[in-house]
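Novice:
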Amino acid sequence: MDKEFAYSYNDYVKYGNGFKDLNPISKLIIALCLGISSCIIHTWQFGVVLIVFSTIIAIYSKVFSKYIKSLLTIAIPLLLLSSIMRQLQYGHMEGNTPIFNLLGWQWYKEPFVAGMDISCYIIGFSSVLLIYFLNTEMRDLMLALENRGVSHVTSYIMLSSMQSIIDMKKSADTILESQKARGIETDGNIIVRMKAFFPTLGPILLSAMSGTEEKAIAMDARAFSHEGGHTYLRVLRPIPVWEYILDALAILVLIGSIVFAVLRAMHRI
Amino acid sequence: MAFIELKNVSYKYPYTKNYALQDVTCSFEKGKFYGIIGENGGGKTTLCNLIRGLIPHFYLGKLTGECLIEGKDIREWNTAELSSQIGYVFQNPFTQISGIKSTVFEEVAIGLENLGVPKDEMIERVIDVCNQLDIGHLIRNNPNELSGGQRQRVAFASIIAMDTDTLVIDEPTSQLDPEGTENVFKIINTLKHSNKTIILVEHKIDLIAEFCDEILVMENGTVVFNGPAHEVLTKRELLDHKASIPEVARFGLAMEDAGKPLPRVPVTMDEAYKLIKERR
Amino acid sequence: MIEIKNASFRYPNGFVALENINLTIKEGEKVAIVGQNGAGKTTCVKMMNGLNRPFEGDVIIDGVNTKEVTVATVARKVGYVFQNPDEQIFNSTARKEIEFMPRYYKLSEEEVKQRVDHAVEICDIAKYMDTNPYEIPYPIRKFVAIAAVIASRPKYIVLDEPTAGQDLHGTEVLGKMVDTLTNEGITVLTITHDMEFAVRNFDRIIAMAHKNIICDGTAQDVFWNEEVVADAKIKKPAIGELAKRLGLDGKILFCDELVDRL
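Structure (structure tokens):
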């Protein structure tokens, strides 16, 4: 038996990475404040700053490859779509500054910037949330919430629903395989595959539901409804002062962005 | 003293026509190993549900008669209290994993967390149980990715870690592959030597013959035979009640039929061997 | 006829599960495949219905190479009942489940009824026909899964661990089923860990170990070959074990044989 691993539970939950080890709630506050600021400020400059920030954190917390993959799948279509849309919408307006000509299609600077603004703020917002979820395990977040008074029932429902989605995917695969084994055509064009897939949805849901009753019994046998003290095998690190300072800074950015947005609006009027 | 006592218990699940238990009277004593056998649908699982307090607290329905656990009526116990008295392991290895823990070590600790056991004691107990059930090599694994057999062992570990005096085990191997089955048998063998009261529902009759002190045979919601293992398992009538008997007992009965009976009908291999050797 | 010729199978992750298997199974045979987990039993039968295709060698079902047709085409000939019925059943009542394949094949109403009745009788599940499969007890649900495959009328039926979780009655129904189906000319194969069930109901036993077939013959050939028993990690049936411990010869496996000898 791996005694070292067993006794590692004596320690606080630790990942050995400055960002990952932040309390899930502090981390959430930072991510949300920055993300919302991006939406409020709504300029490509702030979006880019945020993307750079998230990218640095992603590299630091060693989730870069996953991060960039997900980010690009959002960013590329969004950039293309919003640039083209804005050109089509505002391209004909007077006073636009021409920038380049794409095979006879004249592009202008102003709609291009407007397109960049909208895509960059969304990408910026996504990037902070991405680094949050790539660096935070749901169970840690739930544990932090439980420490703040959320009931372990809520926490159980959240976590087990996430697991049951994974389990449903697995059972869908096995049911499809067994359909093949019975002689139902599942290979071929999309219609054939759809025809094979739809009938499986019912049983997947049903089996998930029939499992719930047994799960409840199993959890009951594990003293789930026991009243009185509940202890935890995994304990989160007590929140150090500097973490509160980080949160305060993030909140300041949010307040700053609100002020900025209000001033900007007044200026425009 | 009888630790669990049932007097004229009848029970009907909600929305069903037939009684799942009919006028059942039996008792279970501390420290003994009980086997419950009989046809599927005969009421074995319902009996377990009753002893575990799931009837009447989880399954409503109509319950009459008396079921006493340590002298107190089952209706007066709450299930949380009962769960720290009576452990429960059942068939389906997939629904007995919480789905909220990401290592086996944490999964095994789950009951102890709920009971509020201090952390250092919790760690020691989990280590002990994992060693005892030979799942030490799995503690880092994700319980949601284990095989059925491994999950069942983890389920046993979570329950055994809670260290209840009584364990109700309902067909622990019926959904397992051979390797998983063998590993569960090993666990049951360890339990046999632990002074706990065990109530085991199982079809594998050779296992029952080897482990049990007492046997109850159920059919159609009633207990048709109840007594010391050897006495029950050698009854010819058992076959008429859709319950199987060990191969060697079948052989012993066949010897009687052929007019060359052994001194008694054996129920285990060793016993059969000895009886034949002695006679020769 | 099922012919497996020099077939090897490798999973997509590179794990080789079967190495150079040769096996021929004829119409109407009763074949039990035994052996430890990981010996390749399930991989082997999944090769017979096309779910697994050999990366070397060929699997030929009634003259058709499984590589050349879809799984569904092979599966019409070789029906496979999964060990876990929940992986297979997907209709809202047992009846719909059993009718599903006959209807899928667009058979006449009369023929559908005839096939369903026949399957239901063999499996002894008449009283559960209009029940939701998830409300049917697990062991009976296994019979629903079997009936659904019988109703699709394959020429070969593979049962994966059918006796697991069954009571005495269930095991007896299974035993009779093997006889009924083979009398109708259907080949019945089973993967089983229940040696008593194998010995009682199957006349050809195939023992697998180390990704290959190590013995193929009668129950006596397999269970009285100590090397095979040890290698395949199988348990000798109780009567055989007792006879062996008593030092009796004659490859005894059955109760009456032993009674006669003592």
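Chains as they are written, first to last, in this note's numbering: chain A, 920 to 1188; chain B, 3 to 282; chain C, 381 to 642.
Glycine included, every Cβ here is placed at the ideal spot set by N, Cα and C.
All values derive from a computational prediction rather than experimental measurement.
1) Excluding the five sequence neighbours on either side, which residues of its own chain have a C-beta within less than 6 angstroms of the C-beta of A/A994, listed in chain order?
2) Counting only C-beta atoms, is B/V170 closer than 9 angstroms to chain C at any point?
3) Would you list, in chain order, the members of the region 33 to 56 of chain B that have their beta-carbon closer than 7 angstroms to a beta-carbon of chain C?
4) Taking C/D611 as the reference, give the member of C/Q600, C/L622, C/L628 and C/N592 with the closest Cα.
5) Could you compute how far the alpha carbon of B/G55 sits from the alpha carbon of B/F92?
6) Rounded to whole angstroms, how far is the Cβ of B/L202 from the Cβ of B/I171, which I believe are closer than 8 angstroms?
7) Does the beta-carbon distance from C/D442 to C/M381 come in below 9 angstroms?
8) Write down every uninterrupted run of the alpha helix (DSSP H) in the region 128 to 211 of chain B whose length is 4 residues or greater and which is fully enclosed by it, in chain order.
9) Just to check my reading of the structure: A/D1106 and C/T450 have Cβ atoms closer than 8 angstroms, yes? What is that Cβ distance to the nearest angstrom?
10) Please classify C/N400: does DSSP put it in a helix, a strand, or coil?
11) Closer than 7 angstroms, Cβ to Cβ, to anything on chain C: give me those residues from the region 141 to 157 of chain B, in chain order.
12) Spatial neighbours of B/A274 within its chain, please: CB distance less than 6 angstroms, with the 5 preceding and 5 following residues excluded, ordered by chain position.
13) Mind pulling the chain C residues with CB within less than 8 angstroms of B/E249?
14) What's the call for A/S1062, buried or exposed, on a 16-neighbour Cβ count within 10 Å?
15) Which residue or residues does DSSP assign as beta-bridge partners of B/E31?
16) Taking C/R390 as part of the beta strand (DSSP E), name the residues at either end of that continuous run.
17) What three-state label does DSSP hand B/D122 in the structure shown?
18) Only counting the same chain, and skipping five residues up and downstream in sequence, which positions put a Cβ closer than 7 angstroms to that of B/G101?
19) So which of A/Y1009, A/P1030, A/E1056 and A/R1183 has the shortest CA-CA distance to A/K933?
20) Drop a sphere of 10 angstroms on the beta-carbon of A/G1148, count the other beta-carbons inside from all chains shown, and report buried for 16 or more, exposed for fewer.
21) So within the region 599 to 631 of chain C, which uninterrupted alpha helix (DSSP H) runs reach at least 4 residues, ignoring any that extend past its ends?
22) Rounded to the nearest angstrom, how far is the Cβ of B/D75 from that of B/E68, given a contact under 8 angstroms?
23) Quick one: does B/I137 have its CB under 9 angstroms from some CB of chain C?
24) Write down the C-beta distance between B/G254 and B/L264 rounded to the nearest angstrom, noting that I regard them as a contact closer than 8 angstroms.
25) Assuming contact is defined by CB atoms lying nearer than 9 angstroms, are B/A159 and B/C132 in contact in what I supplied?
26) Hey, which unbroken runs of the alpha helix (DSSP H) at 4 residues or more fall wholly within the region 970 to 1037 of chain A?
27) Distance, Cα to Cα, B/W79 vs B/R153?
28) If you drop the 5 nearest sequence neighbours on each side, which residues of the same chain put their C-beta closer than 7 angstroms to that of C/V609?
29) Can you tell me where the beta strand (DSSP E) holding C/K486 begins and where it ends?
30) So, for B/V26: in the same chain, excluding its five sequence neighbours on each side, which residues have a beta-carbon less than 8 angstroms away from its beta-carbon?
31) Quick check on C/L539: does DSSP put it in helix, strand or coil?
32) When you compare the CB of B/T183 with every CB in chain C, is at least one pair closer than 9 angstroms?
33) In the region 1055 to 1091 of chain A, which residue ranges form an unbroken alpha helix (DSSP H) of at least 4 residues, counting only runs that do not cross its ends?
34) Do you know how far the Cα of C/E409 is from the Cα of C/T567?
35) Output, in chain order, the set of chain C residues within a Cβ distance shorter than 7 angstroms of A/D1086.
36) Anything in chain A within Cβ reach of B/T97, meaning under 7 angstroms, just list it in chain order.
Specialist: Quick look at the numbers:
1) These residues qualify, in order along the chain: I1042.
2) no
3) E41, N42 and G43
4) C/N592
5) Going by the C-alpha atoms only, they are around 14 angstroms apart.
6) 5 angstroms
7) yes
8) 150 to 163 and 180 to 194
9) 5 angstroms
10) strand
11) From the region 141 to 157 of chain B, no residue has a Cβ closer than 7 angstroms to chain C.
12) V250 and P268
13) E576, P617, A618, I619 and C635
14) Residue identity check: residue 1062 of chain A is Leu in the sequence provided, not Ser. The residue in question, A/L1062, is buried, as its Cβ has 16 or more Cβ neighbours within 10 Å.
15) B/A4
16) I382 to R390
17) helix
18) N146
19) For A/K933, the closest alpha carbon among the candidates A/Y1009, A/P1030, A/E1056 and A/R1183 is that of A/E1056.
20) exposed
21) 599 to 603, 606 to 611 and 618 to 625
22) 6 angstroms
23) no
24) 6 angstroms
25) In contact: B/A159 and B/C132 (Cβ atoms closer than 9 angstroms).
26) 983 to 1009
27) 30 angstroms
28) F603 and K616
29) Per DSSP, C/K486 belongs to no beta strand (DSSP E) and is neither H nor E.
30) L8, N10, V11, S12, G45, L49, G67, G223, T224 and V225
31) strand
32) Yes, its Cβ sits closer than 9 angstroms to a Cβ of chain C.
33) 1057 to 1066
34) 5 angstroms
35) Under the 7 angstroms cutoff, chain C gives no residues; its nearest Cβ is about 12 angstroms from A/D1086.
36) G1130, E1133, K1134 and A1137
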